[in-house]
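Just so you know, the sequence shown maps onto residues 1 to 1044 in UniProt numbering. Beta carbons are placed, not taken as given, at the ideal position from N, Cα and C, and that holds for glycine. This structure is a prediction, so every number in the text was calculated from the model and none was measured. For reference, the structure is listed below as structure tokens.
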Amino acid sequence: MGFKFTWRGPVYHGGQRIYERLDRALCNSNWRLMFPDGFVKVLTRVEYSDHHPILISTKAAPHLVAPRQFHFESAWFLEPYYTGMLQQNWNNNVSITNNLVSIEKAIKEWKFHTIDQVLHQKKHLLARIGGVQHSLQRGLNRGGMRRLEKRLQDELSSIIRKEELMWYQRSRAKWLKDGDRNTKYYHLKTINRKRRNNVNMLKNDSGQWVDDVFQIRNLATDFYRRLFADNQISRAWHNTSITYPVLDTVVMNQLAAPICEGEVKKAVFSMHPWKAPGPDGFSAGFYQKSWDIVGKTIYNFVENVWHNPSAIAEVNQTDICLIPKVDKPEFVTQFRPISLCNTNYKIVSKVIVERLKECVASLVSPYQTGFVPGRNIHENIVAAKEMAHTMNYMKGRNGAFAVKVDLSKAYDKLSWEFIWKVLVEIKFSEPLINIIMHSISSVMTNVKWNDTRTDFFRPQRGIRQGDPISPYLFVLCMDKLSHIILQAVEEGKWRGIKAGRNGPMISHLMFADDLLLFGSASVDQMRCVVDSLNLFCSMSGQEVSQDKTSVMFSRNVERSLRTKLLSITGYKETSNFGKYLGVPLHGRALKKADFQYLLDQASMKLSLWKANHLSFAGRVTLAKSVIEAIPNYPMMSSLIPKACLDEIQRIQRNFIWGDTEQKRKYHAIGWEKIVVTKDMGGLGMRKLDIMNKTCLCKLGWKLQAGGDALWCSVLRGKYCRDNSLLPRPYDGIVLEKIVDIPQRLHGVKLCDLVDSMGRWKCNLMVDWLPAIIIKKIVATLPPSEEHGNDERVIAGGTSSQFSVAGIWQGRGSWSDVWALSCHCLWSWRNKEMYEVNFSRPSRPPQHVLKLAEEYFDAVSNNAIVTVSNTSVSEIGWIPPRDLFVRLNTDGAYKEHVVAGCGGLIRGSQGEWLGGFAKCVGLCSAFVAELWGVLERLRFVYRLGFRRVELHTDFVAVAQVLQKGSSLSTNGGALLKQIWQLLELDWVVVVSYTYREANKCADALANLGCTLDCKVEFYDACPAIVRDVYQYDLIGNTTPRLISM
């Protein structure tokens, strides 16, 4: 606290004097725990020194004395008598406010005799356990002492669990994982959070420091009383020819429908359980954990509000918490007011929000992406990047400008009258409008200063940041500015920037109150922009911040014209907008320096004191859940330089192992092993460069899928040539990254890789792709018009939805993979001891996962049947019934080398009617089996047989063919073709047969593995299969243990 700089330097070359912050006070975590209220103050500098003195105080700074406020804590649920106490004191026949007052009083009395004794019990138990352990070491009464120690240890564990939950809730940590005792870390985090949120000095309007606690409190309270006051009695309304779309009658009826208990419960359980509570002190977790007891009262309250909107005033009180917007705030304007509403009020607000979500997307123009279901912030970022790129490369006489508008205190200055007029123009039902207006106008609020509540007052304007309904009301109101702009565009007064020759005209982009306005660089255009903004502000109560609003011009706008346009607006000029919506916006390729803020955030999150107070498991959890989330946001719309991502992973790696700048500790496991997924033995850390490409795939997926969002229209309008979106030199940096196709593949269509016979042209792919990829392509059914329309399928998602998280999700459970790994290791060990020529797979994890994948495929297709009784039976090939032919098929899979399929047709006497063998490529045994079925069915149908018994020894294949559907996407195209064949004018009976009765097909499938990506047909039995064929003809059998 105190002065920002601690040293006064010389005057530099006749300019201004240099000031720096050279002197600092440092402490370790033990000192912080010993003096939790200690602080550092920079005092006034005296003449004989260039340095300001620094005062280190171990006592708390002067603060307001106020009664301790009630906060419900999650640790109370662990007490065995809590539920009984709640049932005894909660009455569903009285109002919710009376119930909360009653239960608060009961909890305080109950807590005094239970939870408050936690620390005392902990010390007492530790002393008793120490005495028991001393007795055991002396050999006294071992049996009884051990039982006593066990009981005391159990009691201590319970107390530690309660203590950990208490400090966790107070620390606001969001990455807690059960099973890791980090109470000291949570305690330190709570202390640091409290110190960071406490403000001991501020500057007043005159720029003078104020450190008196009462003056600071009045300074903040008076500021927000003035901010929420509205001196204008009525505001003029301007009708526009463009207005909100008319809602369907069904939607209107749903918005005004009576309340049901299900949507109230959904609203309650959709909240975060332990977010900071409102003035009543009860978080959502209280209602969620106690729903069976309190649910009826909550529902009755919401239903009463629906019929009597004024009843919401009973619970509509709010604490305003001030969150610093800068690192070291000096003025009260540098805080963001977050409103902590009572949970029972937020339930009503959530119910309204869930109903509004159904219609907001149809009401709001496509230029607004904030808080609109189905749209996201990255869409505006992509569109803004493309517009900045367009301006950066503009040539010719006609220039352009972009205005980044900052609305001062946008939420806090929104007029209630304006909100009401917007809702009326949308034509919401009168009861719904009354509920919404009572929700925002009946509020009583106060400024909570340094955790001390001040006097409540009633605002006259503004909506609360922290109220669930506020973002949706705000975007509906901001869309009125879109109407004004679009009307000016329609009348020809405003000309935006065209996104390419065929692209849309972009006049503005919005994300809530973040505005970008685009126009042609002319005096008339700039005046139209200013007039439109002034008109909207006069209607809504908004104000444009002159200091924070900036204008960027395209490179072809002359200096004289720039000066003239700036004089019209009063805004400042900028060469680039820096960051827009938290992502660098420069109109050029991004550099590592543009993402320095990510490195700073990572270093701050993984500070050394945290590493010293966390176990290894805690450090891994923090590094994984917090640090990997830092670059995720810009990854969704930008390709971050690899050097930057490598540096983040270096910070992450050093934190996990406890490295410092002075000393590097021993890294027990290589990083390449740590980033392996958990089912392969790693810790599941993500490779950030691969994660970045995966995130950009989501944009590419939407673009290629034909999305009609504004950003898709911008990209297609700028870059679509001959119905192709392939990037070219000087195209925008966004398209280059999300449509990342090698130059040698440009212009090549999939149909060019298939010959007239419907087979892959492998010779064309040899120079493009690795051999292993070609083998996998060959194992895929070539496209054909006869196969129907193509479908987009992505791993982890469905045919129409892309999920970044789904790409990273593994299949099956860890226990299944672990069991299979143990089996493989034991099997390999035995083979190494007793088989001379055996060698282990070169890539054991991949081998195990391949086996696991086949197992999970079988499970997903209901292929696992467990029967307890078994018996030994003789299994052999049996001829088909009269008038039928028998078709046996099989697939063969050679580990990471090749797969093949084969089959044969035999008559009722066992005579050979035809056979085939085919090299499939590289695929699973399941897909190889499907290839065998498909090829053989085609062959049999061409030969003219119309009564066929199809036998396969793969249970999963038999079941999916019989069922006619599959839960897995594996082999989906093959299954479609097989099902179509089975529906033709013939009789095909699909059956499962044991492997012992399918030896000929198995031999042909193994023969197929030796062929070179082709199919061979055999009119007579080939020599390699003759012995097995004769074995079947004479009726030989093989014993097998089968289920009964």
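May I have the straight-line CA-CA distance separating residue i from residue j, to the nearest angstrom?
i: arginine 942; j: lysine 999; result: 25 Å
i: arginine 138; j: isoleucine 160; result: 28 Å
i: tyrosine 244; j: arginine 495; result: 22 Å
i: lysine 831; j: leucine 981; result: 44 Å
i: serine 575; j: serine 206; result: 33 Å
i: isoleucine 463; j: cysteine 341; result: 12 Å
i: threonine 44; j: asparagine 30; result: 29 Å
i: lysine 265; j: glycine 295; result: 8 Å
i: serine 74; j: glycine 900; result: 60 Å
i: cysteine 712; j: serine 365; result: 15 Å
i: threonine 660; j: isoleucine 651; result: 10 Å
i: isoleucine 484; j: serine 102; result: 52 Å
i: isoleucine 259; j: alanine 313; result: 19 Å
Less than 7 Å separating the Cβ of residue i from some heavy atom of the ligand ADP?
i: serine 756; result: Among the components modelled here there is no ligand, and therefore nothing to report on the ligand ADP.
Report yes if the CB atom of residue i is closer than 8 Å to the CB atom of residue j, and no otherwise.
i: valine 42; j: isoleucine 54; result: yes
i: leucine 883; j: arginine 936; result: no
i: threonine 1037; j: glutamate 874; result: yes
i: cysteine 477; j: isoleucine 440; result: no
i: aspartate 319; j: asparagine 398; result: no
i: phenylalanine 371; j: valine 251; result: no
i: glycine 278; j: threonine 221; result: no
i: serine 550; j: histidine 508; result: no
i: lysine 1014; j: cysteine 919; result: yes
i: glycine 915; j: glycine 903; result: yes
i: arginine 653; j: tryptophan 671; result: yes
i: leucine 887; j: glutamate 949; result: yes
i: asparagine 556; j: methionine 635; result: no
Per DSSP, what kind of secondary structure is residue i in: helix, strand or coil?
i: valine 46; result: coil
i: alanine 899; result: strand
i: cysteine 1021; result: coil
i: glutamine 368; result: strand
i: leucine 55; result: strand
i: phenylalanine 301; result: helix
i: aspartate 514; result: strand
i: alanine 220; result: helix
i: valine 11; result: strand
i: aspartate 154; result: helix
i: alanine 892; result: strand
i: methionine 505; result: strand
i: cysteine 695; result: helix
Can you tell me whether residue i is buried or exposed? The criterion is at least 16 other CB atoms within 10 Å of its CB, across all chains shown.
i: lysine 350; result: buried
i: proline 373; result: exposed
i: glycine 932; result: buried
i: arginine 146; result: exposed
i: methionine 604; result: exposed
i: aspartate 154; result: exposed
i: histidine 389; result: buried
i: glutamine 649; result: buried
i: aspartate 516; result: The question names aspartate, but residue 516 in the sequence shown is leucine. Classification of leucine 516: buried, given that the 10 Å Cβ count is 16 or more.
i: leucine 473; result: buried
i: isoleucine 404; result: One point to set straight first is that residue 404 is lysine, not isoleucine, in the sequence displayed. Counting Cβ neighbours within 10 Å, lysine 404 comes out buried, since at least 16 surround it.
i: valine 11; result: exposed
i: glutamate 430; result: exposed
i: glutamine 1030; result: exposed
i: histidine 272; result: exposed
Any beta carbon of chain C sitting closer than 8 Å to that of residue i?
i: phenylalanine 112; result: The chain labelled as chain C is not found in the depicted structure, where only one protein chain is given.
Entirely enclosed alpha helix (DSSP H) segments - the segment 550-576, minimum 4 residues: Complete alpha helix (DSSP H) runs here, min 4: 559-569.
Just to confirm the assignment: which complete beta strand (DSSP E) runs, minimum length 3, are found wholly within the segment 393-456? Runs found: 400-406, 444-449.
With a floor of 4 residues, list each alpha helix (DSSP H) that falls wholly inside the segment 654-682, ordered by position along the chain. Contiguous alpha helix (DSSP H) elements confined to the segment 654-682 occur at 671-674, taking only those with 4 or more residues.
Pick out the complete alpha helix (DSSP H) segments inside the segment 966-1003, 4 residues or longer, and give them in chain order. Whole alpha helix (DSSP H) segments, 4+ residues: 972-982.
Length at least 4, wholly inside the segment 301-325: the alpha helix (DSSP H) runs in chain order: List check, alpha helix (DSSP H) in window: nothing returned.
Pick out the complete beta strand (DSSP E) segments inside the segment 68-108, 3 residues or longer, and give them in chain order. Qualifying beta strand (DSSP E) stretches: none in this window.
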